[in-house]
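*Asks:* Input: one structure, supplied below.
Protein chains: 2
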Amino acid sequence: MKKGIIGIDIGGTNIRAALVFGRHMKHRLNIESHARFGIDRSIQQIHSAVARLHKHASAIGIGIAGIIDSRAGVVRYSPNLKGWNNVPLARMINQTFRLPTRVLNDVNAICLGEWTFGAAKGYRNVFLFTLGTGVGGAAICEGKLLVGANGFAGEFGHTTIDPAGPKCICGQQGHLERYVGAKYIVARYRNKLKRQRSSSIRLQNLTPEKIAVAAKKGDQIALEVFSETGYYIGVGVANILALLDPDIVIISGGIARAGRILMDPIRKTASRLVLGAEHRRYKIVAARLGDDAGILGAALFAKSATKNRKV
Amino acid sequence: MKKGIIGIDIGGTNIRAALVFGRHMKHRLNIESHARFGIDRSIQQIHSAVARLHKHASAIGIGIAGIIDSRAGVVRYSPNLKGWNNVPLARMINQTFRLPTRVLNDVNAICLGEWTFGAAKGYRNVFLFTLGTGVGGAAICEGKLLVGANGFAGEFGHTTIDPAGPKCICGQQGHLERYVGAKYIVARYRNKLKRQRSSSIRLQNLTPEKIAVAAKKGDQIALEVFSETGYYIGVGVANILALLDPDIVIISGGIARAGRILMDPIRKTASRLVLGAEHRRYKIVAARLGDDAGILGAALFAKSATKNRKV
């Protein structure tokens with residue numbers, strides 16, 4: 001049997017993995033990451049995912065949130081994974097499975113996946129961001145993945161929208177994530193409701209996805225929430241257009257599926273705020289590969305990184 | 001005599017040019033660009049500059065403000081140069097002088113110059129911005145000059161600092177240039193004076209440089225002006241750090257020479273606003289090459305662009 005590359009996407013809740021052959025995946029699996037129980041449990045879970053796939057693999061690529069030193073294979077710091085400080089993840093996995101192992105930022109992996117097989121295919125300058133609990137970002141600049149000096153490039157969620165704005169989870173002020181992270185979208189809906197208007201949604205376990213469904217059915221408050229969310233994202237996207245001048249901006253993550261109720265205000269705000277909109281060509285579109293992108297991208301990264309060298 | 005490369009830096013007021021040999025320049029000249037008389041007069045001036053240098057040259061590099069299509073050698077649009085729309089500048093110069101001619105954005109040229117010979121030497125990820133009438137920017141990402149999809153990357157002055165802020169010269173709202181462009185620095189000083197405090201400066205022909213001198217002598221209003229200017233720049237720099245994660249941020253242009261009264265508030269604000277400042281390594285420093293950078297960078301660009309091909 002031809003060997004594949006293991007692609008792994010480690011999130012705060014789930015670990016997704018598969019044996020990757022180009023655009024195709026085999027033995028796809030999804031297990032809990034147990035991040036809340038600390039780093040040892042999570043690393044056990046990663047081991048158990050690899051153990052189910054490694055016999056038919058020639059290399060391993062792992063996407064994980066945080067500042068990643070890809071050259072050393074070390075997770076320097078991860079804001080959403082407790083206790084992950086200077087963890088030599090590549091070496092740990094390699095010691096057990098004896099396969100070349102590469103680690104990269106999870107949104108970089110998604111971006112590589114969408115760039116190679118998805119919405120960004122064929123473009124030389126790309127910006128991709130993810131909307132979820134947090135707001136991540138990644139860029140392809142002049143045909144190269146932008147990693148940055150510290151492995152920290154693309155932190156779109158922590159760009160400043162309003163320097164006098166409310167405090168972000170990271171401690172700083174007025175960051176984009178503080179306006180459009182999932183729980184702030186929900187909070188915006190609840191706040192608007194307090195002003196004595198009626199809601200068409202059950203308020204228990206409210207999520208941005210449920211608000212999106214309500215908006216599409218004509219719920220006025222839900223529509224307002226998406227209009228405002230899109231506005232804030234649009235402010236951030238305008239800055240991306242000014243600084244990176246990408247061919248294409250891609251929105252990934254569950255909320256991106258909201259469609260026009262989100263896309264229209266993003267596009268409108270971005271083109272209103274950016275210099276020389278009439279002289280620019282760019283697209284703002286939804287991602288295409290869903291959860292596959294991170295797995296495919298991690299495998300792509302391992303493939304390109306191991307092509308010319310051994311561990 | 002060994003042949004050099006002509007480096008030209010075209011500004012709204014002056015055209016600077018020289019015959020470049022690596023880091024060295026010969027026959028340096030500085031003539032008026034006559035931009036206010038329209039494009040034909042400016043092109044005459046460019047011709048006359050080249051005419052004085054071309055006998056000992058093997059190629060020509062021209063840095064000019066605006067959206068530049070470097071592949072085609074065309075100035076698509078230039079906000080500060082009247083009438084420059086879709087001008088095939090490289091072809092026009094080449095037709096007269098029969099030398100391979102390349103055109104690039106002026107701040108990109110400065111960035112290439114500082115990257116090769118100046119403050120950014122040896123770094124893989126660089127952001128440089130210029131403070132003057134306008135606020136320009138340019139980036140080196142993973143060892144490559146970031147040009148962007150439309151030749152429009154690095155527009156730092158037109159990133160949004162406050163989406164509800166005052167109108168920028170470009171028509172959009174709350175852009176950084178609207179807070180820290182030269183005339184707004186001067187306006188801030190004048191406004192503070194109106195609140196009945198005394199000034200140590202002559203108010204005629206006031207410039208940011210004069211305010212900087214006053215600040216260093218202890219003029220309280222001038223110090224406040226630089227503190228606020230640095231704050232706004234720091235907000236923008238924090239976004240640069242979050243998105244591009246550069247090793248080094250370089251401040252170019254006359255105002256950059258103000259020193260600590262400007263640098264301190266920039267550094268303080270940037271590190272306060274950016275995610276994970278304690279996990280990042282970066283520097284924020286002044287440019288080193290002054291007006292040489294744009295000439296050297298334009299020549300470098302012509303050299304690298306003509307190495308493998310003919311016009």
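Read top to bottom, the protein sequences are chains A and B.
Numbering-wise, this note's numbering puts 71 at position 71 of the first sequence, and it's gapless, one number per residue.
Numbering-wise, this note's numbering puts 4 at position 4 of the second sequence, and it's gapless, one number per residue.
Quick reminder that beta carbons are idealized off the backbone N, C-alpha and C, glycines included.
Run through chain A and tell me which residues come within less than 9 Å of Ala-242 of chain B, C-beta to C-beta.
*Replies:* Those are Gly-137, Phe-152, Ala-153, Gly-154, Glu-155, Phe-156, Gly-157, His-158, Thr-159, Thr-160, His-175, listed as they occur along chain A.
*Asks:* For Ala-164 of chain B, does the count of other Cβ atoms within 10 angstroms reach 16, so buried, or fall short, so exposed?
*Replies:* Its Cβ having fewer than 16 others within 10 Å, Ala-164 of chain B is exposed.
*Asks:* Note down, in chain order, each residue of its chain lying with its Cβ closer than 6 Å to the Cβ of Ala-119 of chain A, except the 5 sequence neighbours on either side.
*Replies:* Here the set comprises Ile-250, Val-285, Ala-287, Arg-288.
*Asks:* On the DSSP bridge assignment, give the partners of Glu-32 of chain B in chain order.
*Replies:* DSSP output for Glu-32 of chain B lists B:Asn-14 as bridge partner(s).
*Asks:* Using 8 Å for Cβ pairs, my map puts Leu-262 of chain B next to Gly-230 of chain B. What's the rounded Cβ distance?
*Replies:* Right, the Cβ-Cβ distance comes to about 5 Å (below 8 Å), so this counts as a contact.
*Asks:* Grouping DSSP H, G and I as helix and E and B as strand, with all else coil, what is Met-25 of chain B?
*Replies:* In the structure shown, Met-25 of chain B sits in a strand (DSSP, three-state: E or B).
*Asks:* Give me the Cα-Cα distance between Ile-169 of chain B and His-56 of chain B, rounded to the nearest whole angstrom.
*Replies:* In a straight line, the C-alpha of Ile-169 of chain B is about 41 Å away from that of His-56 of chain B.
*Asks:* Of all the CB atoms in chain A, is at least one closer than 8 Å to the CB of Arg-23 of chain B?
*Replies:* So no, Arg-23 of chain B is outside the interface.
*Asks:* Among B:Glu-278, B:Gly-7, B:Trp-84, B:Leu-176, which one has its Cα closest to the Cα of Gly-134 of chain B?
*Replies:* If we check each option's Cα against that of Gly-134 of chain B, B:Leu-176 comes out closest.
*Asks:* For Tyr-179 of chain A, which residues in chain B fall below 7 Å Cβ to Cβ?
*Replies:* Simply none; closest approach about 11 Å.
*Asks:* With H, G and I counted as helix, E and B as strand and the rest as coil, what does DSSP make of Gln-45 of chain B?
*Replies:* Three-state result, Gln-45 of chain B: helix.
*Asks:* What residues of chain A sit near Tyr-282 of chain B, judged by a beta carbon separation below 9 Å?
*Replies:* Residues of chain A passing the Cβ test: Ala-149, Asn-150.
*Asks:* Determine, using beta carbons only, whether Gln-172 of chain A comes closer than 8 Å to chain B.
*Replies:* Output row for Gln-172 of chain A: interface = yes.
*Asks:* According to DSSP, simplified to helix, strand and coil, what is Val-135 of chain A?
*Replies:* Strand, per DSSP.
*Asks:* Counting only C-beta atoms, is Val-213 of chain A closer than 8 Å to chain B at any point?
*Replies:* Not closer than 8 Å to any Cβ of chain B, the Cβ of Val-213 of chain A fails to qualify, so no.
*Asks:* Does DSSP classify Val-311 of chain A as helix, strand or coil?
*Replies:* For Val-311 of chain A, the predicted model reports a pLDDT of 37, less than 50, meaning its position is unreliable and no value from the coordinates is stated.
*Asks:* Shorter than 8 Å from the beta carbon of Arg-16 of chain A to some beta carbon of chain B?
*Replies:* Chain B contact via Cβ: absent.
*Asks:* State yes or no: is the beta carbon of Gly-276 of chain A nearer than 8 Å to at least one beta carbon in chain B?
*Replies:* So yes, Gly-276 of chain A belongs to the interface.
*Asks:* Give a yes or no on whether the minimum CB-CB distance between Phe-245 of chain A and chain B is below 8 Å.
*Replies:* One point to set straight first is that residue 245 of chain A is Asp, not Phe, in the sequence displayed. So, interface residue.
*Asks:* Buried or exposed: which applies to Asn-239 of chain B, given that a residue is buried once 16 or more other Cβ atoms fall within 10 Å of its Cβ?
*Replies:* Its Cβ being crowded by 16 or more others within 10 Å, Asn-239 of chain B is buried.
*Asks:* With distance defined between alpha-carbon atoms, name the residue in B:Phe-226, B:Ile-248, B:Phe-129 nearest to Arg-260 of chain B.
*Replies:* Selected option, being the one with the closest Cα: B:Phe-226.
*Asks:* Can Ile-6 of chain B and Ile-46 of chain B be called in contact, C-beta distance under 8 Å?
*Replies:* No.
*Asks:* Just checking Lys-194 of chain A against the ligand PLP - is the residue's beta carbon closer than 7 Å to any of the ligand's heavy atoms?
*Replies:* Among the ligands in the structure shown, none appear at all, so the ligand PLP cannot be discussed.
*Asks:* Label Asn-108 of chain A either buried or exposed according to how many other C-beta atoms from any shown protein chain fall within 10 Å of its C-beta, with 16 as the threshold for buried.
*Replies:* Label assigned to Asn-108 of chain A: buried.
*Asks:* Does Lys-144 of chain B come out as helix, strand or coil in the three-state DSSP assignment?
*Replies:* Of the three classes helix, strand and coil, the one that applies to Lys-144 of chain B here is strand, per DSSP.
*Asks:* Which chain A residues sit within Cβ distance under 9 Å of Lys-144 of chain B?
*Replies:* Residues of chain A passing the Cβ test: Cys-141, Glu-142, Gly-143, Lys-144.
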